[in-house]
Amino acid sequence: MWNKFSEDRYDERQTAVRGRAFKWAYGTLLVALVLYAVTDGVWDWCVPLAGCAAAISVSLVPFLLICIFGEAYWWTDVSRAGQFVSVALLGSLNLAIAAVAAANGELVVDGVVQIGGANLALGLVFILVFIAAAIQRHRLRRGGEDE
Amino acid sequence: MKNLRMKAARAALDLSQQQLADAVGVTRQTINAIERGDYNPTIKLCLAICRALGRTLDELFWEE
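Order-wise, the sequence lines are chains Z and C. FYI, in my numbering the residues of the first sequence are 1 to 147. FYI, in my numbering the residues of the second sequence are 148 to 211.
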């Protein structure tokens, strides 16, 4: 099971791309967490879990974009269609949960973003992954076999 | 710098990028990046490509 998610699934170029992506994600996470800590100290704008989820989501953006456009995200021997559907479902589900929370008035209470904010952030990241992957897929198809 | 010698050696064997990639255990995009000069492969991958194409390291990767 663990082997399925192992870095061994990537070739050496993909591993190098992912290393660069991890570096950017780590730096972004540090900046995002500091920003969250500073702004939350000034005014209480979200619950801690939502703030952490937002920081993690922001740091995932450079990681995912570098990996996707560097062709180092999808496992080569796994159905891409299945991965597209999974990402779209996860994105839609998270956004739906956030929408339900917003409709019930539970997303923001007294100016403080509640736990639904975590779903909103994660949903947006999954949708971003879907869009970026679709763009990359289009670019590769247009490039043809021997670019 | 583009690696035209590798591309020519692959074409001489009538291999696609995908077929060469499968033979050496990498993705097609990695072969494409090497041929475009966007990625410097490790010696391990260079040797695997040389074996797959029946050429020497000098013939494919040595720059004068």
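Idealized CB from N, CA, C, for every residue including glycine.
**Minimum Cβ-Cβ distance from Ile-192(C) to chain Z less than 8 angstroms** = At residue 192(C) the sequence reads Leu, which differs from the Ile that was named. Chain Z, which has a Cβ nearer than 8 angstroms to the Cβ of Leu-192(C), makes this yes.
**Message:** Would Val-171(C) and Ala-195(C) qualify as a contact pair, given that the criterion is a beta-carbon distance under 8 angstroms?
**Reply:** yes
**Request:** Please decide whether Ala-170(C) counts as near chain Z, where near means a Cβ-Cβ distance under 8 angstroms.
**Result:** no
**Request:** Reducing DSSP to helix, strand and coil, say where Val-129(Z) ends up.
**Result:** helix
**Asked** Within this structure, are the beta carbons of Pro-62(Z) and Ala-101(Z) separated by less than 8 angstroms?
**Response** no
**Request:** Assign Arg-18(Z) to buried or exposed, taking buried as 16 or more other Cβ atoms, counted over all protein chains shown, within 10 Å of its Cβ.
**Result:** buried
**Item:** Listed by chain order, chain C residues near Glu-71(Z) by CB distance under 7 angstroms
**Value:** Thr-174, Gln-176
**Prompt:** Is it the case that the CB of Asp-169(C) approaches a heavy atom of the ligand NAD more closely than 7 angstroms?
**Reply:** Among the components of this structure there are no ligands whatsoever, and the ligand NAD is therefore not found.
**Prompt:** Counting Cβ pairs, one atom from each stretch, are 3 or more of them under 8 angstroms apart for the segment 50-60 of chain Z and the segment 91-106 of chain Z?
**Reply:** no
**Message:** Taking 8 angstroms as the threshold (beta carbon to beta carbon), is Thr-203(C) in contact with chain Z?
**Reply:** no
**Glu-12(Z): contacting residues in chain C (beta-carbon distance under 8 angstroms)** = Val-173, Thr-177, Pro-188, Thr-189, Lys-191, Leu-192
**Message:** Beta carbons nearer than 7 angstroms to chain Z: which residues of the segment 152-163 of chain C have them?
**Reply:** Ser-163
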